[in-house]
Amino acid sequence: MSHDNSGPARAYPLTASGALEAPAEWAELRAACPVAPVTLPSGDRAALLTRYADVKQVLSDPRCTRRLDAEGAARISADESGGVFNSSMAESLNGAGQQRWRRMLTKWFTTKRMAALRPAIEAMAERLVDEMVAHGYPADLKASIGFPLPVWVICDLLGVPETDRDRFSRWSDMLLNLDRYGQHEIDAAQRDFHAYMAGHLEARRAEPGEDLLSSLLTTTDADGGRLTDDQLAATGQALLIAGHETTANMIGKMLAMLLADRRRWERLVADRSLVRTAVEEVLRFDANSGFGMPRYVTEDIEVAGTVLARGTTLVCSMAAANRDEEAFAGAAGMSLDRSPNAHLAFGAGPHSCLGQALARTELQVVLDVLLRRLPSLELAVAPDALRRIEGLVVGGLREVPVRW
Numbered sequence: 056m057s058h059d060n061s062g063p064a065r066a067y068p069l070t071a072s073g074a075l076e077a078p079a080e081w082a083e084l085r086a087a088c089p090v091a092p093v094t095l096p097s098g099d100r101a102a103l104l105t106r107y108a109d110v111k112q113v114l115s116d117p118r119c120t121r122r123l124d125a126e127g128a129a130r131i132s133a134d135e136s137g138g139v140f141n142s143s144m145a146e147s148l149n150g151a152g153q154q155r156w157r158r159m160l161t162k163w164f165t166t167k168r169m170a171a172l173r174p175a176i177e178a179m180a181e182r183l184v185d186e187m188v189a190h191g192y193p194a195d196l197k198a199s200i201g202f203p204l205p206v207w208v209i210c211d212l213l214g215v216p217e218t219d220r221d222r223f224s225r226w227s228d229m230l231l232n233l234d235r236y237g238q239h240e241i242d243a244a245q246r247d248f249h250a251y252m253a254g255h256l257e258a259r260r261a262e263p264g265e266d267l268l269s270s271l272l273t274t275t276d277a278d279g280g281r282l283t284d285d286q287l288a289a290t291g292q293a294l295l296i297a298g299h300e301t302t303a304n305m306i307g308k309m310l311a312m313l314l315a316d317r318r319r320w321e322r323l324v325a326d327r328s329l330v331r332t333a334v335e336e337v338l339r340f341d342a343n344s345g346f347g348m349p350r351y352v353t354e355d356i357e358v359a360g361t362v363l364a365r366g367t368t369l370v371c372s373m374a375a376a377n378r379d380e381e382a383f384a385g386a387a388g389m390s391l392d393r394s395p396n397a398h399l400a401f402g403a404g405p406h407s408c409l410g411q412a413l414a415r416t417e418l419q420v421v422l423d424v425l426l427r428r429l430p431s432l433e434l435a436v437a438p439d440a441l442r443r444i445e446g447l448v449v450g451g452l453r454e455v456p457v458r459w
């Protein structure tokens, strides 16, 4: 059976009935149409994968590339840049340079290094909780803690002074919004960010610190190669784009999911040793994780008994795969002590998320601090009143109103 891309296609992203709910079509597609034709926001066609085994296969297959600027690749959004998925950042980090870059960065993002960062992240979280409590409730948990914490952590990693955090937040927001800002605004933000990073790199070269960039300026890999200044600036942008908005949104969604059914929260208050497995389960259960991972097929491959022709653009829905009953017992419900939990929230294969140890650390710290400091925390609105953000590559909630 070969893949027929001419029949009727569903509009993608699919919609769900509530901000925390999964689209009803996921279960249907997993059962009956594992390779489903979809139309992207640009009007271009792609094929959507929703099963765990298929998503994992494609994300690990070197023939399924991130070359979304290839001839005939589907454009994600209507503006010609395709937004974050094929920016100049992706270009300077592609190919052989990308392997070097990953190797050099991987050393920084080890679980061991993250454990060393943990006390600093805890101190930041405590400070943000203090400020939120001082302002009183109802508070927006996302704006108070979710949004500032990851940008502080990334600025800390890059050795960026505290006074520049707000600019970093703004750039992050602009570089990730596919349809809230015009192309010229996004281009200007990219230029400003690059100019800032170039100056910052000069300063770090003159006076190295303990941060990631200072270390990358002087590190060579096994064959004596170094990262170019362009790659170092792109590293800053990659960390900001990949690490800020995604983690900010995940902090908000994590608390919304745990508070939507308050028995989950009560259980964690009673037993904080569940924080680690609860974070993994929240990552698995997140139905609103954004666009998914697009891949461009460079030679014919077979997925789920379907031949996908070279030139096909695939969209891997990790969120749909994470709800696959074939891979997770009781996948449609949350189980806070689920273990093992081989979810695909951070992708799979050679391109799986580099910063996953950092993201996990931030989520665990925030959850732990809030359980300890505000055990009476609750949503200040009904769960079905929560609203999704429109137009972001990474899914999120507009706000997470809470009281305590």
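Numbering-wise, the sequence shown is residues 56 to 459 according to this note's numbering. Cβ coordinates follow ideal geometry from the N, Cα and C atoms, glycine included. These figures come from a predicted structure and were not determined experimentally.
| Item | Value |
| --- | --- |
| Residue from GLU181, ASN343, LEU104 whose Cα sits closest to the Cα of LEU75 | ASN343 |
| Inter-residue spacing [alpha-carbon to alpha-carbon] between ARG246 and LEU432 | 42 Å |
| Whole-angstrom distance between LYS111 and ARG100, CA atom to CA atom | 22 Å |
| Residue range of the unbroken alpha helix (DSSP H) whose run includes PRO203 | 203-213 |
| Secondary structure of THR70, DSSP reduced to three states | coil |
| Residues that DSSP places opposite TYR351 in a beta bridge | THR120, THR368 |
| Exposure of HIS398, with buried meaning 16 or more beta-carbon neighbours within 10 Å | buried |
| In DSSP terms, what THR361 is bridged to | VAL358 |
| Buried versus exposed, by CB contacts within 10 Å (16 or more), ASP195 | buried |
| Any C-beta of chain D under 8 Å from that of LEU282 | Here chain D cannot be found, since the structure has a single protein chain. |
| Identity of the residues DSSP links to THR105 by a beta bridge | None; THR105 has no bridge partner. |
| Contacting residues, own chain, Cβ-Cβ under 8 Å from ARG260 (five flanking each side not counted) | LEU272 |
| Nearest candidate by alpha-carbon position, reference ARG122, set ASP242, ARG350, GLN411, CYS88 | ARG350 |
| Within 8 Å, strictly: CB atoms of ILE296 and LEU230 | yes |
| Test item: CB-CB of ARG442 and LEU452 under 8 Å | yes |
| Reduced DSSP category for ARG130 - H, G, I as helix; E, B as strand; rest coil | coil |
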